[in-house]
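In my numbering, the protein residues as written are 14 to 489.
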């Protein structure tokens with residue numbers, strides 16, 4: 014697909030644009046990845062003209078890029094922008110937007126980025142359609158942020174609003190986690206190494222842990238978070254997406270349709286929770302949550318979820334997948350930890366004092382970006398005694414700069430590469446996996462366990478494990 018000639022940002026003066034979109038566009042400008050003919054329209058309710066917007070953009074970039082910004086790149090990016098002020102529910106806004114786009118010539122390839130709350134989507138897509146800004150086949154693209162609904166029914170309703178005016182191939186649903194380089198490395202690690210594939214199955218893997226822990230609380234996000242909770246905010250999107258990357262089969266080709274099809278197969282294979290809701294999940298809330306500004310005094314929102322899922326297909330049958338996320342935990346960390354099965358015969362049990370040190374593969378996504386393998390090797394000395402050997406390597410060298418996930422995702426949108434974006438089937442299936450939990454927990458504080466900030470969460474999460482040797486892998 015050819016690159017767009019115009020990129021329109023709805024909500025351009027908002028928090029997402031200021032902290033993620035504009036700095037990432039600056040990174041792409043610095044890297045020379047924005048075509049000469051690409052221009053931008055910033056659209057927001059704030060009263061200002063194009064010169065005022067360009068001054069605002071310069072201020073944002075100076076704030077986000079530290080003491081040594083690339084001033085030439087910042088000027089080039091600012092010069093690409095014009096600005097439109099208006100309300101999303103005002104039809105005249107879309108007529109003015111069309112005139113602005115047509116003023117650049119025959120521009121039939123436009124990105125519309127909706128950096129606004131989902132309750133604004135229907136006004137924008139309807140306004141664009143009424144102005145004829147959805148009539149370019151698959152060339153026009155519309156980008157939407159999560160949350161994609163709050164359950165199956167609302168996700169379908171939201172999708173119906175989008176699909177009333179745009180084809181599925183035109184819709185780019187962003188989960189910023191898929192833009193992280195270390196998450197993409199899961200895919201490369203699995204399918205670019207011939208030694209890994211024979212290990213990646215139920216015969217050799219004991220269980221898989223996917224962990225996304227946060228140290229901070231909800232800060233000023235009570236208005237959003239108290240209506241959402243950890244299950245909707247983190248599990249439905251980030252954790253289930255990582256699970257699908259870990260468990261998927263090799264795609265036939267590296268294109269969006271093939272990648273999305275394999276992820277969909279994984280999500281379809283997850284065993285329904287209907288008959289095992291209480292045995293499959295633990296939810297908690299950190300002490301002091303109800304005293305956070307903006308939290309309802311009778312809130313039943315969870316800040317912690319640990320759960321166990323089964324992928325019932327040939328490769329993974331019988332291997333539990335443990336997922337965990339929470340706020341105000343002991344450390345900030347995101348990782349995939351894979352515990353391999355013990356050898357069938359423990360030849361060195363007596364020499365190691367009866368302890369069995371398993372093999373682990375840990376793919377750390379943040380804050381460290383490392384691959385860590387734990388193996389057994391002979392301990393130096395006169396006895397044939399094993400000891401644990403830890404082999405670690407960093408994902409990037411000190412000279413390699415880390416890019417924000419949004420830079421990768423924005424480049425994907427510009428180049429028409431849908432491989433890092435989410436098909437609606439993935440959204441729908443993820444909600445279906447979690448719907449039994451949502452129905453059980455909705456407005457119900459029963460079973461909500463309090464945990465102390467700075468810990469690893471409720472001790473009750475240990476009951477999820479199938480065997481005595483299984484436990485959360487908290488240390489690196």
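Glycine included, C-beta positions come from ideal geometry on N, C-alpha and C.
All figures in this text were calculated on a predicted structure; none of them were measured in a lab.
- Item | Residues bridged to residue 94 (per DSSP) | 53
- Task: Since I believe residue 414 is in contact with residue 401 (beta carbons under 8 Å), could you give me their beta-carbon distance rounded to a whole number of angstroms?
- Result: Not confirmed; about 34 Å, so no contact.
- Task: Could you please give me the residues that DSSP links to residue 134 through a beta bridge?
- Result: Answer is none; residue 134 lacks a bridge partner.
- Message: At 3 residues or longer, what runs of the beta strand (DSSP E) sit wholly inside the segment 318-403?
- Response: List check, beta strand (DSSP E) in window: 333-339, 346-353, 373-379, 383-391.
- Item | Other residues of its chain near residue 93: CB distance less than 6 Å, five sequence neighbours each side excluded | 52, 53
- Item | Proximity to residue 372 [Cα-Cα], best of 404, 379, 398 | 404
- Find the nearest neighbour of residue 355 within the set 117, 280, 478, 218, judged by alpha-carbon distance. Comparing alpha carbon positions, the residue from 117, 280, 478, 218 closest to residue 355 is 218.
- Message: Just verifying my parser: in three-state terms, what is the DSSP assignment at residue 112?
- Response: helix
- Query: Mind checking whether residue 202 and residue 258 have CB atoms under 7 Å apart?
  - Reply: no
- Message: Tell me whether the segment 160-168 and the segment 139-150 touch, counting them as touching only if at least three CB pairs, one residue from each stretch, are closer than 8 Å.
- Response: no
- Message: With three or more C-beta pairs closer than 8 Å as the rule, is the segment 101-110 touching the segment 82-92?
- Response: Per the Cβ contact rule, the segment 82-92 is not in contact with the segment 101-110 (fewer than 3 Cβ pairs under 8 Å).
- Task: Report the rounded CA-to-CA distance for residue 429 versus residue 158, giving the unit in angstroms.
- Result: The alpha-carbon atoms of residue 429 and residue 158 are separated by roughly 17 Å.
- Message: Give me, in chain order, the residues of the same chain whose beta-carbon lies closer than 7 Å to that of residue 370; leave out the 5 immediate sequence neighbours on both sides.
- Response: If the five residues before and after residue 370 are omitted, its C-beta is found closer than 7 Å to the C-beta atoms of 389, 401, all from its own chain and listed in chain order.
- Task: Would you please state the rounded distance, in angstroms, between the beta carbons of residue 469 and residue 343? I believe it to be under 8 Å.
- Result: 5 Å
- Rounded C-alpha distance that separates residue 156 from residue 184: 6 Å
- Is it the case that the Cβ atoms of residue 314 and residue 236 are separated by a distance below 7 Å? no
- Spatial neighbours of residue 420 in its chain, beta-carbon cut-off 7 Å, leaving aside the 5 residues before and after: Once the five neighbours on either side are set aside, the close Cβ partners of residue 420 are 37, 40, 41.
- Return the residue from the list 70, 451, 82, 22 that minimises the CA-CA distance to residue 287. Nearest of 70, 451, 82, 22 to residue 287, Cα basis: 451.
- If we count the other Cβ atoms within 10 Å of its Cβ and call it buried at 16 or more, is residue 208 buried or exposed? exposed
- Are residue 432 and residue 295 closer than 7 Å when you measure CB to CB? no
- Task: May I ask you to report which of helix, strand or coil DSSP gives residue 11?
- Result: Nothing in the structure corresponds to residue 11, since the chain is present only between 14 and 489.
- Item | Paired residues, beta bridge with residue 299 - DSSP | 464
- Query: So the alpha helix (DSSP H) residue 194 belongs to, where does it begin and stop?
  - Reply: 194-204
- Helix, strand or coil: how does DSSP classify residue 23 here? strand
- Task: Out of 16, 445, 280, state which residue places its alpha-carbon closest to the alpha-carbon of residue 123.
- Result: 16
- In angstroms with no decimal places, state the Cα-to-Cα distance between residue 284 and residue 247. 20 Å
- Message: Rounded to the nearest angstrom, what separates residue 276 and residue 261 at their Cα positions?
- Response: Looking at the two C-alpha atoms, the distance is approximately 6 Å.
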